[in-house]
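There are 2 protein chains.
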Amino acid sequence: MIEPRTLKGFRDHLPAQALARERLLDVARRVYRSYGFAPIDTPALEYLEILTGKGSAETDKQLYRFTDHGGREVGLRFDLTVPFARFCAQHVASLGTPFKRYHMAAVWRGENTQRGRYREFMQCDFDTIGTTSPVADLEMVLVVHDLLAAIGIERFTIRLNDRRVLGGVLAGLGLAERSTDVLRSLDKLGKATREAVAAELASHGVPADAVDKLLRMAELAGPPADVLAALGGLVAGSESGRAGVAALGALLDGVQAAGVAAGRVVVDPSIARGLDYYTGVVLESFLDELPTLGSICSGGRYDNLAGLYTKQPLPGVGASLGIDRLLAGLEELGRLSATETPAEVFLVYFAEEHLADYLRIAAALRAAGVAVEFFPEAKRVGQQLKVAAKKGFPVALLIGSDEFAAGTAQCKQLATQQSTTIDWHGDLHVLVDAVQSQLISRDASASCRPSRGGPPPAGDHPGLRP
Amino acid sequence: MIEPRTLKGFRDHLPAQALARERLLDVARRVYRSYGFAPIDTPALEYLEILTGKGSAETDKQLYRFTDHGGREVGLRFDLTVPFARFCAQHVASLGTPFKRYHMAAVWRGENTQRGRYREFMQCDFDTIGTTSPVADLEMVLVVHDLLAAIGIERFTIRLNDRRVLGGVLAGLGLAERSTDVLRSLDKLGKATREAVAAELASHGVPADAVDKLLRMAELAGPPADVLAALGGLVAGSESGRAGVAALGALLDGVQAAGVAAGRVVVDPSIARGLDYYTGVVLESFLDELPTLGSICSGGRYDNLAGLYTKQPLPGVGASLGIDRLLAGLEELGRLSATETPAEVFLVYFAEEHLADYLRIAAALRAAGVAVEFFPEAKRVGQQLKVAAKKGFPVALLIGSDEFAAGTAQCKQLATQQSTTIDWHGDLHVLVDAVQSQLISRDASASCRPSRGGPPPAGDHPGLRP
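So the protein lines, in turn, are chains G and W. For the first sequence, our numbering assigns the number 1 to the initial residue and increments by one for each residue that follows. For the second sequence, our numbering assigns the number 1 to the initial residue and increments by one for each residue that follows.
The structure is reproduced here in structure tokens:
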């Protein structure tokens, strides 16, 4: 007998978790598509030379690598950006630019699992490649907004900054040469204490008054116009710094024109993003109820995606939804449903002699778009209802021999145990309509559903508990 | 500069292919869910001992295996059945039975690529575990039917058989001891010639008259009642053979009760399925227009899923959609769309001073559920329309400064180049409604859409060309 177990750092997704994840992916897919982003996919395995040296020394160390049957050195992708760079270098001539894609797929990193991280997790990226248009930057912000709103999150904040603004401030302080170190330190604000960040900046040789100015810049807050005015003063001597401030202003105007509620998108000069390759706007987004969770969707603009694989410059802008972090956050907030079934109706198998009738009823419900599980064994009704309740079905439909004779059915709301008698007299249309109104009345009675702050409003979010 | 390339046997999915695949997966997900099958996921990597010796000597040889950072011997899954067996052994106590799951995920096999096979491909399985109820068998047939119908395939045939029938026939011919070899040979009918199969059976020591009887059995065709009667005669001496014939009869009755069109599900005594573990009903399904493609969805009943990992017997029944084979078939039939975008409306960026208006219009369309791509650069209109046509957008929306002044818009059907003027007078509701009717009129004018033979009927199938 072999012990059934998963590898350290890996996990199974049971139905409740898998359903919650599928719902988030489905919302993300719908929002990405609503802006014209198209799906792509790349292989899990790549030539090792494609993957190594592209991330950090840490990602190189964490890489799952081996020699395949044909003696090739190969590795499992550790993110979706490096394969996308390879993909663009290979296909962009036939695809044309601007090219907008999304990619949702697993990545693998042999990380230290003690930090509560998994060695297999999902990434959910979207990018626009081959254009420097500020409209593409604006769309990134709008997609992130629509995504978080469509997931049903009521309170979230998207925080914007621009690397050019940071560059302008650093230039003004005579720190342009040390920008990488300084930005990495600033990026720790919010995770580390102010004092720790100040000490780290000082350790990079930043003079005390510059540390003070940097921290005061990072702490600028208030009405966007005031923050922008203050930043404008700090970058006055830098042309690209002024361009960054202007770009942030245009982004705020744009999101307002698109109907985004005031306060959902703010300028936050402390957002630096650790990654070296960002060159323009940078973005992070947070659940207001769980700020310590960290950014659940982050991104920015970069000058060149695929310089290692092609001479064609490919500027772009994009962001990535941290689906596992978001799921963890929603769970912590008690906003994830524990439902183990995707179906709405549990059809009790009451009387074996009526099997053909149950099949007809189930088929009619499915034809009307109602997902229905028909229990496969004519066990005791109480036993079947226990299964239905445990799995989280909204309603159970009970039709025994007596009910068939009388032309009735019992529709039971499993949360309240309330039963309603349906008079359908053998007419499937009547039965289907009655079951549908039971499902609707249940939805309506579930008060305080999460409000949606923006498009797309279509579809409900059964993965989120009201 | 690193050469951008994929590994031999691996491939990228560009938008047109990725969209077609997402559409099929979406239909499969919807149909599986409509019967109450719930999603699960398992890691791509498993302990090597979980994977080896579970398939054939061939799958062992093809396994991608290596030693990980922690010195563990690991492998990439080569199918979804072995991980599911491990999963059930680990979790079935908490999940309870019957347990119905679907799993759609990539698997990896270091196959000989000369056969046109890929080393990374997707599987799309559903199974009901922990019950021997014939209702579960029937549901498998219904799910396969609904799936192929919902994909929009007009002409397909589901072929059923039962391993007990084959066993009964072999017992009657005194060939029970040689059943594995005989079934593997019979399974080649349709792929190899009758003569080649006869020769192979003879080489297993099957006497000439038995070869003749076996082949005549395998070639039984005609009205289901006649085929069942003939099989009944052949298995008369075997109790389990008679049970198999009765089970096939009950399945045909059941699919009829559920409203499946006559002739879509037939009994085919030549269906044997090569895999040893099937013990009851077996099923294959074929596109009538492309029978040589092979079965696109296959499955059956087995006595015990996870005997290697747990002492709890887990009988089950399930099938697997061959998504890559089906995509290849649809492409061969010219039924795959070449569309490269998931969006319906291409909004031309005409006049930069109207950026805020375009943003408002795009947001209003998205709020109404219409996916819209706003071109990010105010390039020449002809150039923008060329991009829209190449990507396969149904309609382009053109609103220049003159149109804004006049309160009009041009809506262009890109397939016919027909333009319609919309009078919207600055009222976004009017504009959105008009664009939606343009999209609907285009759908309606596309004649001979694939008819759907069964539930679930909801949703359209934009991946299929009418």
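Note that the Cβ used here is the ideal one computed from N, Cα and C, for glycine as well.
Give the range of the beta strand (DSSP E) segment to which residue i is assigned.
i, result
"histidine 103 (chain W)", "99-108"
"arginine 301 (chain W)", "297-302"
"threonine 408 (chain W)", "408-413"
"methionine 122 (chain G)", "120-129"
"alanine 389 (chain W)", "Premise fails: alanine 389 (chain W) lies in the alpha helix (DSSP H), 381-391, not in any beta strand (DSSP E)."
"glutamate 373 (chain G)", "372-374"
"glycine 241 (chain W)", "Element bounds for glycine 241 (chain W): not the beta strand (DSSP E) but the alpha helix (DSSP H), 239-257."
"serine 94 (chain G)", "Here serine 94 (chain G) belongs to no beta strand (DSSP E); instead the alpha helix (DSSP H) covers 81-95."
"valine 265 (chain W)", "265-267"
Tell me which residues share the same chain as residue i and place their Cβ nearer than 7 angstroms to its Cβ, disregarding the 5 neighbours each side in the sequence.
i, result
"alanine 388 (chain G)", "Phe346, Ala396 and Leu414"
"methionine 217 (chain G)", "Val169, Leu234 and Pro269"
"glutamate 289 (chain W)", "Arg155 and Leu333"
"phenylalanine 66 (chain W)", "Val74"
Could you work out which residues of chain W lie near residue i, taking near to mean beta carbons separated by less than 9 angstroms?
i, result
"tyrosine 277 (chain G)", "Chain W residues near tyrosine 277 (chain G): none, gap ~17 angstroms exceeds 9 angstroms."
"glutamate 120 (chain G)", "Pro43, Ala44 and Leu45"
"tyrosine 35 (chain G)", "Ala343, Ala362, Arg366, Ala371, Val372, Glu373 and Phe374"
Could you tell me if residue i is buried or exposed, where buried requires 16 or more neighbouring beta carbons within 10 angstroms of its beta carbon?
i, result
"aspartate 187 (chain G)", "buried"
"arginine 194 (chain W)", "exposed"
"glutamate 340 (chain G)", "buried"
"glutamate 352 (chain W)", "exposed"
"glutamate 403 (chain G)", "buried"
"aspartate 137 (chain W)", "buried"
"proline 223 (chain G)", "exposed"
"serine 238 (chain G)", "buried"
"alanine 120 (chain W)", "Rather than alanine, the amino acid found at residue 120 (chain W) in this sequence is glutamate. Flag for glutamate 120 (chain W) reads buried."
"threonine 81 (chain G)", "buried"
"histidine 429 (chain W)", "exposed"
"glutamine 417 (chain G)", "exposed"
"alanine 409 (chain G)", "buried"
"isoleucine 296 (chain W)", "buried"
"arginine 33 (chain G)", "buried"
I want to verify the contact list: residues of chain W whose CB lies under 8 angstroms from the CB of residue i, in sequence order.
i, result
"aspartate 96 (chain G)", "The amino acid occupying residue 96 (chain G) in the given sequence is glycine; aspartate does not appear at that position. Correct list: Val387 and Lys390."
For residue i, return the contacting residues in chain W, with the cut-off set at a CB-CB distance below 7 angstroms.
i, result
"threonine 42 (chain G)", "Asp12"
"alanine 257 (chain G)", "Ala356, Leu359 and Arg360"
Starting from residue i, follow its DSSP beta bridges and name the residues at the other end.
i, result
"valine 282 (chain G)", "G:Asn161 and G:Gly300"
"serine 419 (chain G)", "G:Lys412"
"arginine 65 (chain G)", "G:Gly75"
"serine 34 (chain G)", "Answer is none; serine 34 (chain G) lacks a bridge partner."
"proline 39 (chain G)", "G:Tyr102"
"valine 345 (chain G)", "G:Val372 and G:Val395"
"serine 548 (chain G)", "Since the first residue of chain G shown is 1 and the last is 466, residue 548 (chain G) is not available in this structure."
"histidine 13 (chain G)", "W:Asp41"
"tyrosine 47 (chain W)", "W:Val74"
"phenylalanine 156 (chain G)", "G:Leu287"
"leucine 189 (chain G)", "G:Ala192"
Less than 8 angstroms between C-beta atoms, sequence neighbours within five positions excluded: which residues of the same chain meet that for residue i?
i, result
"lysine 100 (chain W)", "Tyr35, Gly36, Phe37, Ala38, Phe126, Asp127, Thr128 and Ile129"
"valine 31 (chain W)", "Val143, Asp146, Leu147, Ala150 and Pro456"
"arginine 178 (chain G)", "Leu170, His204, Gly205 and Val206"
Suppose the cutoff is 6 angstroms on Cβ atoms and the five residues either side in sequence are ignored; what does the same chain contact list for residue i look like?
i, result
"glycine 369 (chain G)", "none"
"arginine 117 (chain G)", "Glu111"
"leucine 189 (chain W)", "Val197, Ala218 and Ser270"
"glutamate 22 (chain G)", "none"
"alanine 306 (chain G)", "Ala85, Cys88, Ala89 and Leu314"
Could you list which residues in chain G have their beta carbon closer than 8 angstroms to that of residue i, in chain order?
i, result
"serine 133 (chain W)", "Pro376 and Glu377"
"aspartate 68 (chain W)", "Leu7, Tyr64 and Gly110"
"leucine 19 (chain W)", "Ala38 and Pro39"
"histidine 91 (chain W)", "Asp12 and Leu14"
Between which two residues does the alpha helix (DSSP H) carrying residue i extend?
i, result
"alanine 367 (chain G)", "355-367"
"serine 203 (chain W)", "194-203"
"alanine 467 (chain W)", "Examination of residue 467 (chain W) is not possible in this model, given that chain W is present from 1 through 466 alone."
"valine 211 (chain G)", "208-218"
"valine 141 (chain W)", "134-151"
"valine 227 (chain G)", "224-234"
Under 7 angstroms between beta-carbons, which chain G residues line up against residue i? List them in chain order, please.
i, result
"phenylalanine 87 (chain W)", "Asp12"
"arginine 72 (chain W)", "Leu7"
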